[in-house]
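Peer 1: First residue of the sequence shown? That's 844 in this note's numbering, and the numbers climb one at a time after it. We treat Cβ as the ideally placed atom computed from N, Cα and C, and that holds for glycine. Below are the C-alpha cells for one structure; questions will follow.
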Amino acid sequence: MAGILTNMLEGAVCVPAEHAPKTLDGVTDLVLVFGFLAYDTARVLKEYLQNRRHTLTEIKIWVVGVGLAKQAALRLWGEGQRMKRS
C-alpha cells in the first residue's frame, strides 16, 4: 500500500518506520501506513511521533490502516459473535 501511495503522491518518499528521517524539516504532509496487527511498526511510529510532536502541529497527518490477514479477521469476527450472544 505504501508503495502504491508513493507512486500516486507527487514528491512522496516511502521509508520503513525504522529508517524514517531524523527530522521532518520541509515535510508538509505525512502519510503513515501500517497493518492493523503490526505491533512492531506501531511501537516504532509511536516513539518516532512522540519525539517530534513539536513539529507535527504544522504537518497534515494521514493514517492508512491495511486490513487484517484472513485468519486473524476470522478469529476476531468469531470472538465478536460470541460476545454478542453473551
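Can you tell which of V907, M851, N850, H897 has its C-alpha closest to the C-alpha of D868?
Peer 2: H897
Peer 1: In the DSSP assignment, find the unbroken alpha helix (DSSP H) run with I847 in it and report its ends.
Peer 2: 845 to 851
Peer 1: Are the CB atoms of L848 and V874 nearer to each other than 9 Å?
Peer 2: yes
Peer 1: Candidates N850, G846, H862: which alpha carbon is nearest E890's?
Peer 2: H862
Peer 1: Return the chain-ordered list of same chain residues with a C-beta closer than 8 Å to the C-beta of I902, the five sequence neighbours on each side being excluded.
Peer 2: L867, V870, T871, D872, L873
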